[in-house]
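Data first, discussion second: the structure below is written as structure tokens.
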């Protein structure tokens, strides 16, 4: 049975059928031979013999009347001569099908049916393990790959749903403060404007404050729309000269360096002349990383570019205070702003969160950490194809 399991389904079925048919043919021959012997033995009892001498007798080819009992046996033998071959050959085919099903089909079919039932019940926490490398084995492997992809898709969808919940919760939390302030200013104006108890200067200042908070709310809404649109972003890699990418990155660093009054440096160890990346995604991430680094750096920002494990890796470091223990865990979470800003500006805390989403869209990841010598280190990776020609 072991060699049978190593064959393809077609060869195994043909071999089983052949063996069973040969067995049926042998049984037919043996049964006919046995029945013929029994028939001959019965007839010999009724064969008429004529004596020639005292010691010899000859058959004259005639039979005495056969008893009803023996005639019934003869009739049964005639029926069995016709019926037994049909039974043997029919039974052999049925045996071949049964053996083939139990040895080659039953186990994988049961595994696939059980797996299908689990999938229909939204349970993907199982595996299809079937060792033979035949057609059913390849079918089970395909089913297992499908289950794995479904499981990965469900986990990704679950993470997206959890991310959406956290984002909505953070958004609602951050909206509460400006709405509370606007409500307070509105109540103040409703109370004092009709009675004329507020000076024009105070009224103008209040309206100006309200305008600032309205602009802040608009910024929140615009940012939320941007994040929602990120989920529909498609990565479209295109051929890009490595020298052009480095030049554009260096130009961005020089502009930010002049704006923040801090020095910068760029180091690249990429040897491939051509890369295949989505420049829109790569530079959106990198420029966000650089802006954060220049904002927090004391004097120096440095970027490192390399290709590692089929991915473009861009690492941005600064000599600022680095990430707090809390920020190391939450820096890429939505609306996280830490304990303060280096430049006093009103940022929503979504930059690194957007970077993380875009890196994952491009098949990579975003990592934040502190440098041993001090300062922050943010690394973004983007899966790519490298043309080494």
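In the numbering used here, the protein residues as written are 1 to 389. Yeah, the Cβ is synthetic: ideal placement off N, Cα and C, and Gly gets one too.
Starting from residue i, follow the alpha helix (DSSP H) in both directions and report where the run begins and ends.
{"i": "residue 279", "result": "279-296"}
{"i": "residue 105", "result": "Neither: residue 105 is in no alpha helix (DSSP H) and is coded neither H nor E."}
{"i": "residue 29", "result": "9-44"}
{"i": "residue 248", "result": "242-260"}
{"i": "residue 356", "result": "351-361"}
Indicate the three-state DSSP secondary structure (helix, strand or coil) for residue i in the structure shown.
{"i": "residue 236", "result": "coil"}
{"i": "residue 72", "result": "helix"}
{"i": "residue 373", "result": "coil"}
{"i": "residue 92", "result": "helix"}
{"i": "residue 153", "result": "helix"}
{"i": "residue 172", "result": "helix"}
{"i": "residue 212", "result": "helix"}
{"i": "residue 115", "result": "helix"}
{"i": "residue 265", "result": "strand"}
List the whole-angstrom C-beta distance separating residue i from residue j, where the pair is believed to meet the contact cut-off of C-beta under 8 Å.
{"i": "residue 88", "j": "residue 12", "result": "Actually they are not in contact, since the Cβ atoms of residue 88 and residue 12 sit about 22 Å apart, beyond 8 Å."}
{"i": "residue 288", "j": "residue 363", "result": "Wrong, their Cβ atoms sit about 18 Å apart, outside the cutoff."}
{"i": "residue 42", "j": "residue 74", "result": "6 Å"}
{"i": "residue 380", "j": "residue 355", "result": "6 Å"}
{"i": "residue 157", "j": "residue 185", "result": "No, residue 157 and residue 185 are not in contact; Cβ-Cβ is about 42 Å, not under 8 Å."}
{"i": "residue 311", "j": "residue 266", "result": "About 19 Å; that fails the 8 Å criterion."}
{"i": "residue 384", "j": "residue 275", "result": "6 Å"}
{"i": "residue 246", "j": "residue 305", "result": "7 Å"}
What are the start and end residues of the beta strand (DSSP E) that includes residue i?
{"i": "residue 368", "result": "366-370"}
{"i": "residue 393", "result": "With the chain covering 1 to 389 only, the question about residue 393 has no answer from this structure."}
{"i": "residue 383", "result": "376-383"}
{"i": "residue 271", "result": "Careful: residue 271 lies outside any beta strand (DSSP E) and carries neither H nor E."}
{"i": "residue 304", "result": "300-307"}
Compare the beta carbon distance of residue i and residue j with 8 Å and say whether it is the shorter of the two.
{"i": "residue 215", "j": "residue 263", "result": "no"}
{"i": "residue 291", "j": "residue 318", "result": "no"}
{"i": "residue 286", "j": "residue 358", "result": "no"}
{"i": "residue 421", "j": "residue 124", "result": "The requested residue 421 is not part of the displayed model; the chain covers only 1 to 389."}
{"i": "residue 31", "j": "residue 84", "result": "yes"}
{"i": "residue 126", "j": "residue 16", "result": "no"}
{"i": "residue 92", "j": "residue 26", "result": "no"}
{"i": "residue 136", "j": "residue 175", "result": "no"}
**Prompt:** So does the region 277-285 actually touch the region 232-241, counting three or more Cβ pairs closer than 8 Å?
**Reply:** Yes, they touch.
Query raised in the report: Would you call the region 217-226 and the region 359-372 in contact, with 3 or more CB pairs under 8 Å?
Result: Contact fails between the region 217-226 and the region 359-372, because fewer than three Cβ pairs, one in each stretch, are under 8 Å apart.
At least three beta-carbon pairs within less than 8 Å, the region 15-35 to the region 148-167
With the cut-off at 8 Å, the region 15-35 and the region 148-167 do not touch.
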